[in-house]
Each structure stands twice: as C-alpha cells, then as structure tokens.
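Just so it is clear: in the sequence shown, position 235 is 235 by my numbering, and no numbers are missing. Where is the CB? At the ideal position from N, CA and C, for every residue including glycine. Below is one structure, written out as structure tokens; comments come after it.
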Amino acid sequence: MIYRPGRIFLSVPHMGGHEKNYALKAIEDNWVTTAGPNLAGFEHDICQHTNARHAVALSSGTAALHLALQVVGVRPGDEVLCSTFTFVASANPILYLGAQPVFVESEPETWNMSPEALHEAIADRLRLGKRPAAIMLVHLYGMPAKMKEIMSIAHEFGIPVVEDAAEALGSRYSGHQVGTFGRVGVFSFNGNKIITTSGGGALISEDEQLVEQARFLSTQAKDPAPYYEHSQMGYNYRMSNISAGIGRGQMEVLEKRIKQRREIFQFYRQQLGHIEGLEFVAEPKACFSNRWLTTVLLPSPHTPESIRLALEEENIETRALWKPMHLQPLFAHHPYVGNNLSGKLFERGLCLPSSSSMTEEDLAKVVKHLRRLLEVV
C-alpha cells in the first residue's frame, strides 16, 4: 500500500468511534492477552449477527480456514475441491494440512464456484478412485455463491462444505447469512475488509463440537491438566482481547458499512453504466451482496493494468481481480476442472476504490478519471 497525501485507497479501515472504549477497557483491566471478556463478547456479537450457534475468534481468516479444514476431517493426502477464482489464502491451508487442492471453475452470474463444474469435478475424482474430503467454497467480493445448487451437490455426495466468507460478512443468500450453510463458515477482519480488528478472523458453525475443537487447537492444543500436557499438535491462532475489542466496536456499525458500500456500488453504476462495454456484476435472485469491493469488467482494448497505472498517476489505487489459482505457478500441477472463465475475467476485471469512508469528492474524482480513460470521445 502506497501512502501519499490525498490518496484514494482501494479499501481502508473505517472506525465507528466505540472501538477505543472496548480496547482501552481491556488495557485498563490488564486483559492484554488471548483471553478476556472482549473475546466472548465479540464471538457473541458474531453469532447474533449471523444467527450461527457458535463462534471462535482467531488471529486471521487464513488461520480460521486452516482450522476449519482440519476439524471437518481433512488429512494428509486428501483432496479438497476449491474455488479457483479467489485469493491464495483460500488454497494455502489445504497445503498446510498436506492435502491437495482440486480447482473448480466459476459460473458467470456470481463469479463463484460453478455447480456444474463442481459436479463434474466430483465425478472425475470418483472415477479415479479419489473421494474429495471437503469443498472449499468462496463468496467472492461479497457476492454469495449459488448455495442451493452447491449444497444439494454436497449432500448428494456426502462431502462437507467449508464456506470462505472472508469477503462476505453481512451478505445473504435467500435471507440467510453466508457462512451458515456449510459445516463451517469463516470470516476475515483484515484491515481491508468491510469491518476490521486490524488483523483477525472467525470460525462459525452450528456444531458446537467442531467449534470447541477449533478453539482447543487455536490455543496450542493444551490438554486439561495442572501442567502443560499435549497429545496433539496445536497452533497459536487465538485472537487477542484488544483486537476483539476493536471488533466489538466495528460490529456496532456493520450494517451501516454494508449500506455505504452498496451505495458506492450504485454510484459507480449510475455514473459509469452508460460506457459501452463496461460491465458491472448484478445481484442474481436470492443474493444480497455486501459489495465489499465494486468490480468492473473493462471494455476492449483497455486492460486492467493500463487503467490501474493511469489511475495511479492520479493517486487513485485500484487492483486487478484475483488471478485464478489454476494459473498460479504454485499450483500449476494441481487438477483443475473448467473452461477458464475466471482467467478471462482476470484479463478484463478491475476493483475500484470502495472504502466506506470515501467522500463525495473522492467518488467524483474516480468517476471523472474513469470517464476520461474509457469514454470514446
């Protein structure tokens, strides 16, 4: 992230005002560790918002994904079906466990995992005598995936679903919060997300046993004993009580932040939707997106990099869409099922500044320069 005076960033933290009260109380009471009342309070707030029964607050969304895969039973040598169109943090935890990702292509409406490609991937793996251990599903840029179709396939084959809702806190499918459809759901509170704890994540589930197992593993897997006893490997993945305090303050303004991000999307679409060839992602039926980032597909002959560099000259930060995992050197030799739709989206797609703290002047500046660059005079 480049800091310059007057810079318009892609997505930055936006405090509501009460975060410091929770954090200062933690400091005053000396709860400056990975235990304390803010943790329980933050987990309660997450459950209240999502209607999940159980939650555990962790040090990052990546840590939450790692534990989620482990508690649903992924083991070394297993295969995990994973969305290809995502950030690498969705796929890396599969490798942490010694398992192998099988990448599944997107569908064009939501850009999320294609139910048809998922069914094909499962059938392919079964023909090879390999039964997938889990499905790692991503709700990209806050847009819910086609959960009805995907959960039907998962139930048909008896494969547990882990929902990577890192970008989608507050998004809903058929009125239900994303993250609550699979065995486990995961959120991220990184500094660029719709709300933040500076860094952090959470794991939610209806299954109390799974959440308690994740909580146990996140605190070095300490067995109940009057001394340090360990019968299995654990991790230092628990969120701090101070970070959880920031999260409690942020949860108070989550709905406001969703409203602001959605208004930013609407502004861009209203101001730029007339440009020939410029495409915005609509909300399919049953989907409600938090619009974490506004994304567009650029008209030819413009490329994401040419527009990014031109806007950088105006002190405006933009970013290309995620480069699909099946095109990454790290995963070049892993199985992939699809038609490279995500690769084509990557070649055309750009993320626009979407911070909920953007002013009208900020938005007008972005629109002004995008018009200059994209409109045919």
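- Task: State yes or no: is the C-beta of G234 within less than 8 Å of the C-beta of A221?
- Result: Mapped onto the sequence shown, residue 234 falls at position 234. Mapped onto the sequence shown, residue 221 falls at position 221. Yes. Within cutoff.
- Item | Range of the contiguous beta strand (DSSP E) that encloses Q100 | By one-based count along the sequence shown, residue 100 stands at place 100. Where Q100 is concerned, the enclosing beta strand (DSSP E) stretches over Q100 to V104.
- Query: Opposite R172 in the DSSP bridges: which residues?
  - Reply: As a working mapping, residue 172 is identified with position 172 in the sequence shown. Paired residue(s): Q177 and F288.
- Straight-line Cα distance separating L373 from I264: Numbered from 1 along the sequence shown, position 264 holds the residue referred to as residue 264. Numbered from 1 along the sequence shown, position 373 holds the residue referred to as residue 373. Cα to Cα, I264 sits roughly 20 Å from L373.
- Task: Give me whichever residues DSSP pairs with A57 in a beta bridge.
- Result: Here residue 57 is taken as the residue at index 57 of the sequence shown, counted from 1. Per DSSP, A202.
- Distance, V367 Cα to Q271 Cα: The residue labelled residue 271 in the question sits at position 271 within the sequence shown. The residue labelled residue 367 in the question sits at position 367 within the sequence shown. Q271 and V367: Cα-Cα distance of roughly 7 Å.
- Item | Span of the beta strand (DSSP E), counted from its first residue to its last, around G247 | Reading the sequence shown from its first residue, position 247 is the one you call residue 247. Unbroken run through G247 is the alpha helix (DSSP H), N241 to M251; no beta strand (DSSP E).
- Message: Cutting at 8 Å between CB atoms, please list the residues of its own chain near E375, excluding the five before and the five after it.
- Response: Taking the first residue of the sequence shown as position 1, residue 375 is located at position 375. The residues are I275.
- Item | Other residues of its chain near M151: CB distance less than 8 Å, five sequence neighbours each side excluded | In the sequence shown, counting from the first residue as 1, residue 151 sits at position 151. Around M151: V161, F181 and G182.
- Item | Residues near Y96 in its chain [Cβ-Cβ closer than 7 Å; skip 5 each side] | In the sequence shown, counting from the first residue as 1, residue 96 sits at position 96. These residues qualify, in order along the chain: H66.
- Query: Going by C-alpha distance, which of S289, W322 and L370 is nearest R308?
  - Reply: Locating residue 308 in the sequence shown gives position 308, counting from the first residue. Nearest C-alpha to R308: L370.
- Message: Within 8 Å, do at least three Cβ pairs link the stretch 162-182 to the stretch 208-228?
- Response: no
- Message: In this structure, how does DSSP classify L81 when only helix, strand and coil are distinguished?
- Response: Position 81 of the sequence shown, counted from the start, is the residue given in the question as residue 81. Note: L81 maps to strand in three-state DSSP.
- Message: Taking the beta strand (DSSP E) that V184 belongs to, which residues open and close that run?
- Response: Looking up residue 184 in the sequence shown gives position 184. Per DSSP, V184 belongs to the beta strand (DSSP E) from V184 to S188.
- Whole-angstrom C-beta distance between A117 and V104, which should lie under 8 Å: Against the sequence shown, residue 104 aligns to sequence position 104. Against the sequence shown, residue 117 aligns to sequence position 117. V104 to A117, Cβ: 5 Å. Contact.
- Query: Which same chain residues, not among the five before or five after E314, have their C-beta less than 6 Å away from its C-beta?
  - Reply: Position 314 of the sequence shown holds residue 314. The answer, listed in chain order, is H369.
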